[in-house]
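Read in order, the letters of the sequence shown are residues 4 to 285 in my numbering. Positions of the beta carbon are idealized from the N, C-alpha and C atoms, including for glycine. Here is the structure we will look at, set down as structure tokens.
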Amino acid sequence: MSAPILRGVADLRARTADWKRAGETIGVVPTMGALHDGHLSLVAAARKSCDRVIVTIFVNPKQFNNPDDLKSYPRTEHDDAKKLERFEVDAIFVPDGDEMYPDGFSTTVTVTGLTDVMDGVHRPGHFAGVTTVVAKLFLQTSATDAFFGEKDFQQLQVVRRMAHDLDIPVTVHGCPTIREIDGLAMSSRNLMLSDRARTLAPRLHEEMERIVEGVLKGGDFEGLRTEALTRLQKNGFGDVDYLEMRANDDLCLLKTPERPARLFAAAWLAGVRLIDNIAVEV
Ligand code: AMP
4 MSAPILRGVA DLRARTADWK RAGETIGVVP TMGALHDGHL SLVAAARKSC
54 DRVIVTIFVN PKQFNNPDDL KSYPRTEHDD AKKLERFEVD AIFVPDGDEM
104 YPDGFSTTVT VTGLTDVMDG VHRPGHFAGV TTVVAKLFLQ TSATDAFFGE
154 KDFQQLQVVR RMAHDLDIPV TVHGCPTIRE IDGLAMSSRN LMLSDRARTL
204 APRLHEEMER IVEGVLKGGD FEGLRTEALT RLQKNGFGDV DYLEMRANDD
254 LCLLKTPERP ARLFAAAWLA GVRLIDNIAV EV
């Protein structure tokens, strides 16, 4: 059965009022649409652990630092609703820009520290856009639980920090990255890859695995990293914004995995920015 598509906060609140009165748990899955199996894995996790599930679809202009990127971001609302049918979600919240940011909107939620590295540096203003919209979505949906992908690990940690710091009573769940058969992390942006770029794209994950394997065998991270960068360049990749090993909790830069760590990468391929991260563990 198809779920009701709600476009206004008032309609959304009218639905959640009964659920809250009944003491039901409400899981929210925030997305920008163009849903793929990565998103759907979050919906499945929410369905499994919550009484009610709300999927939100909003291409949030505030988190795009590049207007062309915002313009070309895929929008597939009809297909998205179809893909959600089998999960029997309770509502799909699809606000428009004016509903989220009416005239006079003047508030920004920012997290410091965790946003001073990686995408925080390469996409100025991105995380402030994310935390502002996610704070609003948490409050609009009255979520008790929220489901985010480890694919965007820095975002996951930033959102956790924000919810904790602002005493928003929501449990933030991190879900594993879903990949294509060839290892490429699923992403709505993969739709923008040309056929040729699509065949090259899995190289990023391959090189990351190679570095992690090397590091776990005691290899020198810097040496492994340099070799990987050279091979990526030979295989058609453009700028690599970062390829770094960082601690899971505070995202501090590491040279050896002396505490739980991940390898993080962002790289350009034929005009598309791919990001990925994998755990550095045996
Ligand atoms: P987006 O629509 O790209 O903003 O993503 C919405 C949510 O889906 C975020 O929590 C992402 O981390 C998550 N997500 C995106 N791609 C994947 C993936 N391949 N595996 C798991 N979660 C994902």
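From the DSSP output, read off the bridge partner residues of residue 174. 148
Starting from the Cα of residue 250, find the closest Cα among 35, 117, 18 and 100 and give me that residue. 117
Between the beta-carbon of residue 36 and the beta-carbon of residue 189, is there less than 7 angstroms? no
Every unbroken beta strand (DSSP E) within the region 157-238, with a cutoff of 3 residues, ordered by chain: 174-178
Can you tell me whether residue 259 is buried or exposed? The criterion is at least 16 other CB atoms within 10 Å of its CB, across all chains shown. exposed
On a Cα-Cα basis, can you pick out the residue from 262, 245 and 111 that is closest to residue 252? 262
Looking at the strands, I want to know which residues DSSP matches up with residue 30. 56 and 148
Express the C-alpha separation of residue 43 and residue 87 in angstroms, rounding to a whole number. 8 angstroms
Suppose you measure from the CA of residue 204 to the CA of residue 169; what does that come to, to the nearest Å? 38 angstroms
Rounded Cβ spacing between residue 122 and residue 157 (contact assumed at less than 8 angstroms): 6 angstroms
Where residue 91 sits in the DSSP three-state scheme: coil
Apply the 10 Å Cβ neighbour rule to residue 152 and answer buried if 16 or more other Cβ atoms are within range, or exposed otherwise. buried
Short Cβ contact (7 angstroms threshold) for residue 266 with residue 243: no
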